[in-house]
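Protein chains in written order, with numbering that gives the first Met the number 0: chain A, 0 to 351; chain B, 0 to 351; chain C, 0 to 351.
Every residue, glycine too, gets a C-beta built ideally from N, C-alpha and C.
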Amino acid sequence: MSPTAVALGSSQTAAVALPQLIAALGGDLLGGSDIAIARIAPLDEADEVSISFLANPRYQAQLATTRAACVIVAPALAEAAAARGAAIVTPDPYLYFARLTQWWAARTRPAAQPGVHPSAVVSAEARLGRGVEVGPLAVIEAGAVVGDGARIGAHCVVERDAVVGAGTRLAPRVVLGHGCRIGARGIVHSGVVIGADGFGFAPSRDGYVKIEQLGAVTIGDDVEIGANTCIDRGALSDTVIEDGVKLDNLIQIAHNVHIGRNTAMAGCAAVAGSTRIGANCTIGGAANIVGHLTIVDGVHLAAATTVTSSITEPGAYGGPYPFEENASWRKNAATLRQLHTLRERVRALEKK
Amino acid sequence: MSPTAVALGSSQTAAVALPQLIAALGGDLLGGSDIAIARIAPLDEADEVSISFLANPRYQAQLATTRAACVIVAPALAEAAAARGAAIVTPDPYLYFARLTQWWAARTRPAAQPGVHPSAVVSAEARLGRGVEVGPLAVIEAGAVVGDGARIGAHCVVERDAVVGAGTRLAPRVVLGHGCRIGARGIVHSGVVIGADGFGFAPSRDGYVKIEQLGAVTIGDDVEIGANTCIDRGALSDTVIEDGVKLDNLIQIAHNVHIGRNTAMAGCAAVAGSTRIGANCTIGGAANIVGHLTIVDGVHLAAATTVTSSITEPGAYGGPYPFEENASWRKNAATLRQLHTLRERVRALEKK
Amino acid sequence: MSPTAVALGSSQTAAVALPQLIAALGGDLLGGSDIAIARIAPLDEADEVSISFLANPRYQAQLATTRAACVIVAPALAEAAAARGAAIVTPDPYLYFARLTQWWAARTRPAAQPGVHPSAVVSAEARLGRGVEVGPLAVIEAGAVVGDGARIGAHCVVERDAVVGAGTRLAPRVVLGHGCRIGARGIVHSGVVIGADGFGFAPSRDGYVKIEQLGAVTIGDDVEIGANTCIDRGALSDTVIEDGVKLDNLIQIAHNVHIGRNTAMAGCAAVAGSTRIGANCTIGGAANIVGHLTIVDGVHLAAATTVTSSITEPGAYGGPYPFEENASWRKNAATLRQLHTLRERVRALEKK
Chain A
0 MSPTAVALGS SQTAAVALPQ LIAALGGDLL GGSDIAIARI APLDEADEVS
50 ISFLANPRYQ AQLATTRAAC VIVAPALAEA AAARGAAIVT PDPYLYFARL
100 TQWWAARTRP AAQPGVHPSA VVSAEARLGR GVEVGPLAVI EAGAVVGDGA
150 RIGAHCVVER DAVVGAGTRL APRVVLGHGC RIGARGIVHS GVVIGADGFG
200 FAPSRDGYVK IEQLGAVTIG DDVEIGANTC IDRGALSDTV IEDGVKLDNL
250 IQIAHNVHIG RNTAMAGCAA VAGSTRIGAN CTIGGAANIV GHLTIVDGVH
300 LAAATTVTSS ITEPGAYGGP YPFEENASWR KNAATLRQLH TLRERVRALE
350 KK
Chain B
0 MSPTAVALGS SQTAAVALPQ LIAALGGDLL GGSDIAIARI APLDEADEVS
50 ISFLANPRYQ AQLATTRAAC VIVAPALAEA AAARGAAIVT PDPYLYFARL
100 TQWWAARTRP AAQPGVHPSA VVSAEARLGR GVEVGPLAVI EAGAVVGDGA
150 RIGAHCVVER DAVVGAGTRL APRVVLGHGC RIGARGIVHS GVVIGADGFG
200 FAPSRDGYVK IEQLGAVTIG DDVEIGANTC IDRGALSDTV IEDGVKLDNL
250 IQIAHNVHIG RNTAMAGCAA VAGSTRIGAN CTIGGAANIV GHLTIVDGVH
300 LAAATTVTSS ITEPGAYGGP YPFEENASWR KNAATLRQLH TLRERVRALE
350 KK
Chain C
0 MSPTAVALGS SQTAAVALPQ LIAALGGDLL GGSDIAIARI APLDEADEVS
50 ISFLANPRYQ AQLATTRAAC VIVAPALAEA AAARGAAIVT PDPYLYFARL
100 TQWWAARTRP AAQPGVHPSA VVSAEARLGR GVEVGPLAVI EAGAVVGDGA
150 RIGAHCVVER DAVVGAGTRL APRVVLGHGC RIGARGIVHS GVVIGADGFG
200 FAPSRDGYVK IEQLGAVTIG DDVEIGANTC IDRGALSDTV IEDGVKLDNL
250 IQIAHNVHIG RNTAMAGCAA VAGSTRIGAN CTIGGAANIV GHLTIVDGVH
300 LAAATTVTSS ITEPGAYGGP YPFEENASWR KNAATLRQLH TLRERVRALE
350 KK
């Protein structure tokens, strides 16, 4: 039962037999022991060489129409899935799917190429662990430490005394500022800037006087940071990102912010200085949190919400302005500017 | 009637005679056959060596006061313009102006310098078309294809199997991720990241488990992408940007978004995962569109609007909160938190 | 009274005696002439080798509990501070603190290393002043001018005819576009893009036609620009940032914007094209200002405010939507869409 090689246009991905997939990832296979899978696809885009998954019961109707060769399902749907073709039964199909994508990527992507590209500029006073890969034109300064198996992409700059944990991957063009640290198994996408100066000035008669930012950034293990996101260094102590935090693209984390374990933040969110966000929060895209607040664990913030005071109870919070057709929005927005007056008028009517 | 050379400080731009300009761009010249133009300027900043344009009738009064040597106008204003000096008459003065800037830039900017800079790191397994320019310290990986006449700026990274269309220009420091494609005649500004991982995780008892993003990004022809904008790769299939789309700076396009032909999006807009935006839309600056929505063709969204549900009819939509003087804003915002109650109170009054 | 050397882990920072600090920065020292300071810390994090400061009277209670060896205070608190340990008395403790951080950074950070790194690509037609430092893999094109003592970080691109003022520091990976200028003593953080094209197109039957951006960017002295911020070049004339302006991270400044002296703008703010902002304004994080407006001097804008019309009076303005618990937000937001109608109903009631 070895996998069948299948030409997939230019991608050259070898197909894989379902039993081989089960051997790697577990789950119960119903039927399909002779089926080779060449790609992973959503139910409605799957073809006869695809594996798909059904995680949300809302999409159950698609089971009847999908062309997928095999569908990953929860036990409750095993029968329905097996009635139409091969199925993998597992308690959490979405989690299984996530692990499948990892296994798939490991199979199909080029392996790391340990070694330092000759065009990289690596200080003799930097320390590189075993199996480190340093890409073309990367810069690693004196005192920097790169853990075993870490990958430093093309054009990265790892400044003096910065630390990259074991197995962490910096995509091309990441800046890790002097003295900043990221733990193990992290992923940092292109354009990220860790450790630029926090935004601090004292006003004076001659204009603003810069407060040099003497802290750094400390990032835990298993953290992922999206493209062009910025995490500023602390003013005196460090900005802190705890283990398991996931940050999307174009996020702004100001100086001395603290983000708790396993909190996830969607694109374009912004957190102002010294705010502390708890663990296991989800922060919607383009949400803004002003400075010097505390958000407790387990807070879920809707997209485009602006938080202007601390949140002391877990739960879901929101605050985007309700969009509508332009003419209507104009009328309502104009009235909104008189809302307090309107309340007074209602009060007056009630008194009569 | 050759153009007169005029020294313009350090810019060394040669002035150009109006008939030469007409020969290149068309239009009817009224008077001014002996005038040389040394710069393009708005009506209110123009001097006696400037050409200007009048596209918006609101500015017609400026015709009387501008010092411009020549003004580009629509036929309805030909007489008024000619009464005060040279004029070029054309049905769409703004479009003429756009073409004039292109012709001007081509005259005054350094020509492309085909060839690969010796400091660039180009894989022997990359394919470069004819007349390609590769700037200093750029990286082009194996399997990448760069079309005829394309320009790859300094410090760009074109990853394995990525494709750059003919005549497309990457400004310095662009990342085009592995397997991502951009069509012909595109312009990509500095700091753009195309093909970072989409933001996808499955929750588990041990924290988030990464969903490897196995898709890529497909971008059509004639697309322009502004500085530091991010377009993530799709989870399973591709993120798609159709022909003629124009994206401004610092925009976030999440995984599996689809943007239709000739849609333009202003700076700091953000589109969450799997949302589909139609053709010929205009999206205002800092507008946010949440995930898994459909926006039909011909939708025009005001700046700073948050879209939380699909838009099924073309038209103009808005939703920024109406700003006002702080004290007043505080009162109205506080009342807004009791708005639903206020409506109940009005209802109660009505029942009496 | 020479400073005592103290080992501080890997940082190798020498402690400094208080009288030496006073000699450099002024202020009146009460007690503590034998104390050596090894770090600067907030009152509540200070230890017995820390110097701290009390700028905000709200924190006066911390004077009683802080372990700081020395506290910087205003004259009114001199007695209270001296009662508990050493104190430095100065009219503006926060400003003193700012200057202390600068002095501290100068003591503890590596000195500039004048010279051009051998891996940098510097045109023979660029002009570098005395004492300029050019980092690894930086690119400086023909016609560029770099002033005395300026520092060009690793991977920066200074395009043709761009100008960097004396003493200005570009962090790693900054793009300064062709013909753009920044004055003296500036700081530009990583990922900044100065001089990408402004977003300008003329619509046509065949889609958008690009308006080439023929202006540049002119930036004054003493300007700081945060990570990944973008400042676009003007369409015909220049985008202008005046002396002393401070921009945080991920800010978008569109073409032909003009920002007045000593205005400060927090992270993720965005200013659309041709808008003019006065001097001494403060713009909150994620605030948006639409195009073609005028904001006078001395305007203070709350975070996440969208400005849709000119502001003609100095003062404080706001406009973020008031966030709240999700269920309540939903009700209020739904009612908001009927606000104009609600006002009509109140009017009807009043008429009765």
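Asparagine 287/A has Ala269/A, Thr305/A as its beta-bridge partners, per DSSP. Distance between valine 144/B and valine 270/A, taken at the CA atoms: about 40 angstroms.
For alanine 63/C and glycine 84/C, the gap between their C-alpha atoms comes out near 10 angstroms.
Membership of serine 327/C in the alpha helix (DSSP H) is indicated by the continuous run 325-335. A contact between stretches requires three or more CB pairs, one per stretch, nearer than 8 angstroms, and the region 270-288 of chain C fails this requirement with the region 216-231 of chain A.
For the options Tyr207/C, Gln212/C, Ile240/C, Ala86/C, the alpha carbon positioned closest to that of glutamate 223/C is the one of Ile240/C. Around the beta-carbon of histidine 257/A, 16 or more other beta-carbon atoms lie within 10 Å, marking it buried. Here lysine 351/B is exposed, its C-beta having fewer than 16 other C-beta atoms within 10 Å. With a threshold of 9 angstroms between beta carbons, isoleucine 210/B makes contact with chain A. The shortest C-alpha to C-alpha distance from threonine 100/A to any of Ala40/A, Thr262/A, Gly297/A is the one to Ala40/A. The continuous beta strand (DSSP E) containing lysine 209/B extends over residues 206-209.
Within chain C, the C-beta atoms nearer than 7 angstroms to that of serine 189/B come from Val174, Val192, Ala195, in chain order.
Residues of the region 77-101 of chain B that bring their beta carbon within less than 8 angstroms of a beta carbon in chain C comprise Asp91, Tyr93, Leu94, Phe96, Ala97, Arg98, Thr100, Gln101, in sequence order. Against chain A, a Cβ distance below 8 angstroms from alanine 265/C picks out Phe198, Ala271. By DSSP's assignment, phenylalanine 52/C forms a beta bridge with Ile71/C. Put simply, the backbone Cα of glutamine 112/C is about 20 angstroms away from that of valine 174/A.
DSSP lists Ile186/C, Lys245/C as the bridge partner or partners of glutamate 223/C. Here DSSP, grouped into helix, strand and coil, assigns arginine 275/B to strand.
Nearest in C-alpha terms to isoleucine 230/B, of all of Ile210/B, Ala253/B, Ala35/B, is Ala253/B.
Boundaries for threonine 238/C: no alpha helix (DSSP H) harbours it, while the beta strand (DSSP E) harbouring it runs 238-240, taken from the DSSP string. Taking isoleucine 34/C as the centre and dropping the five residues before and after it, the same chain places the C-beta of Ala16, Leu17, Ala68, Cys69, Ala85 closer than 8 angstroms to its C-beta, in chain order. Measuring C-alpha to C-alpha distances from aspartate 27/B to each of Gly152/B, Pro313/B, Thr89/B identifies Thr89/B as the nearest. Secondary structure at glutamate 312/A: coil, using DSSP grouped into helix, strand and coil. Less than 9 angstroms divides the Cβ of tyrosine 320/B from the Cβ of tyrosine 320/A. Taken in chain order, the whole alpha helix (DSSP H) runs of length 4 or more contained in the region 146-187 of chain B number zero. In chain order, Leu213, Leu235 make up the part of chain A whose C-beta sits under 7 angstroms from the C-beta of isoleucine 39/C. Cβ atoms of asparagine 331/C and histidine 339/B come within 8 angstroms of each other, at about 5 angstroms.
With contacts defined as CB atoms closer than 9 angstroms, glutamate 44/B and serine 273/C fail to qualify as a contacting pair.
Between leucine 24/C and tryptophan 102/C the beta-carbon gap is near 6 angstroms, inside 8 angstroms, which marks them as a contact. The alpha-carbon separation between histidine 291/A and tyrosine 316/B amounts to approximately 35 angstroms.
With 16 or more other Cβ atoms from the protein chains shown falling within 10 Å of its own Cβ, proline 92/A counts as buried. Relative to the Cα of phenylalanine 198/C, the nearest Cα in the group Ile50/B, Ile250/B, Ala54/B, Arg66/B belongs to Ile250/B.
Residue burial is scored here from C-beta neighbours: alanine 234/C has at least 16 other C-beta atoms within 10 angstroms and is therefore classed as buried. Assignment of leucine 235/C by DSSP, reduced to helix, strand and coil, places it in the coil class. Shown here, glutamate 140/B sits in coil according to DSSP, grouped into three states, outside any helix or strand.
A direct Cα-Cα distance of roughly 7 angstroms separates alanine 125/A from isoleucine 139/A.
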